[in-house]
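*Asks:* One structure coming up, written as structure tokens, with questions to follow.
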DNA sequence: GAACTAAACATACGGTCGTACGTATTTATT
DNA sequence: AATAAATACGTACGACCGTATGTTTAGTTC
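Spelled out as structure tokens, the structure:
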């Protein structure tokens, strides 16, 4: 009758990992990947510290699992909805709108997961930093891919710029600037060529 | 004959604070303001943990002192050299060049101090977050002030954009993208009106 | 249902953290 | 020289950290 139940069955294996990771992502987006600890997660979830340690082994493994988990949530909230749109400016716009939603009414309580954690780990070589950097690059590549469907644009450099503006908007939002999303929207619009009719 | 000496005299008062803060800024730029601890600073500097505690009282006070110290170093490295230039585009360019230097060959071993710490504290209300946010705003206001000398430009929004690009360049630099400074330079140039002759 | 594996737990260890308190030492003031 | 104030230090405390080891429980396989 402990808390570590789900659907009346004790959490076991993959299902336990998922439960822990899901909560750990929230913790890490607010307090950073460093703010994670077996003890805290155990207390929050009402299960034993040693049980979590059994599932993940080391703290670094936990962090890596959490990063993967965050990416899945991000893909579900931002990438998948935009995949419906046709390639090019439509899909790009959808991605950006979804991203601003994602940063605004936080899927993650601490705002963008990568904006929160990359600056902390960018000076700490290791698997955590590498994984975060790879995911960030994948996101920028995705933006660049859509931009290549638009003529008269330097895809790489525009992708860099869009990502920069979105990240800055994320921080501004978290600091209480409610207009930041609109600012970002207008800024991005100006980066794209004059809108064609329709 | 302990390590806590300077010019042969024991460190006392303000001089001690300055010594500790100077080192703590380096630590905090690499490991974050959370990575600071009395014990670690004491070990690094070869003085006693309790001595540092006497100087700062609480950890939060230490963090606030470190933030102020970082701002002084930033002002010395970026703001003061650019102050020679005439207001407007010349001074703006000087600020940006100095900033890229500051982010590149690190005055702080962890790159831009605010880029590293703002994302961590933007979700944690308190004096530390407030001070960091105020300083960030002051920097953006400074950029906007210079931009107002340039016609046909939305000063606020361009300042937002320049800051966003510089911050993104800082992270890219730390992740090994050696071309990031040039990318940022070119991006900023495109934000300003066609260069007048000379 | 017996044997085996995987999962969850209990407990323990050394380490560091932040803070508190008392003591010695240095500087400043009288 | 005596006194007061500011500094620096030694030590101690409870709390949490990450990890390791052994044990119990829950599923699985034969």
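Protein chains in written order, with our numbering: chain X, 230 to 427; chain W, 230 to 427. Just so it is clear, CB atoms sit at the ideal spot from N, CA and C, and this is done for glycine as well. As the structure is a computational prediction, the values presented were derived from the model and not from experiment.
(1) For residue 400 of chain X, which of W:366, W:267, W:295 has the nearest alpha-carbon?
(2) Strictly under 8 Å for the Cβ-Cβ distance: is residue 403 of chain X near chain W by that measure?
(3) Quick one: what does DSSP say residue 276 of chain X is sitting in, helix, strand or coil?
(4) Residue 339 of chain X and residue 277 of chain W look like a contact to me (Cβ under 8 Å); what is the Cβ gap, rounded to whole Å?
(5) Going by C-alpha to C-alpha distance, which of X:273, X:268, X:275 sits closest to residue 282 of chain X?
(6) Taking 7 Å as the limit between beta carbons, can you name the residues of its chain near residue 394 of chain X, skipping five residues before and five after?
(7) Might you give, ordered along the chain, the residues of its own chain that have their beta carbon closer than 6 Å to the beta carbon of residue 434 of chain X, omitting 5 neighbours on each side?
(8) Would you identify the three-state DSSP class for residue 415 of chain W, choosing helix, strand or coil?
(9) What ranges does the beta strand (DSSP E) occupy inside the region 359–395 of chain W, keeping only unbroken runs of at least 3 residues that lie completely in it?
(10) Output, in chain order, the set of chain W residues within a Cβ distance shorter than 7 Å of residue 392 of chain X.
(11) Which class does residue 407 of chain W belong to by DSSP, given the choice of helix, strand or coil?
(12) Please determine, among W:422, W:307, W:371, the residue with the shortest C-alpha to C-alpha distance to residue 335 of chain W.
(13) Should residue 237 of chain W be labelled buried (16 or more other beta-carbon atoms within 10 Å of its own) or exposed?
(14) Can you grab the Cα-Cα spacing for the pair residue 345 of chain X / residue 314 of chain W, in whole Å?
(15) What is the DSSP secondary structure of residue 421 of chain X, reduced to helix, strand or coil?
(16) Is residue 294 of chain W near the ligand MG, going by C-beta to nearest heavy atom under 7 Å?
(17) Can you tell me whether DSSP reads residue 337 of chain X as helix, strand or coil?
(18) With distance defined between alpha-carbon atoms, name the residue in X:243, X:261, X:250, X:248 nearest to residue 347 of chain X.
(19) Which residues, in order along the region 244–267 of chain W, keep a beta-carbon less than 9 Å from a beta-carbon of chain X?
*Replies:* Straight from the coordinates:
(1) Answer by Cα proximity: W:366.
(2) Yes, residue 403 of chain X lies at the interface with chain W (some Cβ there is under 8 Å from its Cβ).
(3) Note: residue 276 of chain X maps to coil in three-state DSSP.
(4) Residue 339 of chain X to residue 277 of chain W, Cβ: 36 Å. No contact.
(5) Distances from the alpha-carbon of residue 282 of chain X to those of X:273, X:268, X:275 put X:268 closest.
(6) Answer for residue 394 of chain X: 413, 416, 417, listed in chain order.
(7) With chain X covering only 230 through 427, there is no way to say anything about residue 434 of chain X.
(8) Note: residue 415 of chain W maps to helix in three-state DSSP.
(9) Taking 3 residues as the minimum length, the region 359–395 of chain W contains no beta strand (DSSP E) run wholly inside it.
(10) Going along chain W in sequence order, the residues near residue 392 of chain X (Cβ under 7 Å) are 397.
(11) Reduced to three states, the DSSP call for residue 407 of chain W is coil.
(12) The option with the nearest alpha carbon to residue 335 of chain W is W:307.
(13) Summary for residue 237 of chain W: the model assigns pLDDT 35, below 50, so the residue's position carries little reliability; its value from the coordinates is reported in the next sentence. Exposed, by the Cβ-count rule.
(14) Their backbone Cα atoms lie some 35 Å apart in a straight line.
(15) In the three-state reduction of the DSSP assignment, residue 421 of chain X falls in the coil class.
(16) For the structure depicted, the ligand MG is absent and the ligand set is empty, with no information on it obtainable.
(17) The answer is coil: DSSP assigns residue 337 of chain X none of H, G, I, E or B.
(18) For the set X:243, X:261, X:250, X:248, the Cα lying nearest the Cα of residue 347 of chain X is the one of X:261.
(19) Within the region 244–267 of chain W, the residues whose Cβ lies closer than 9 Å to some Cβ of chain X are 258, 259, 260, 261, 263, 264, listed in chain order.
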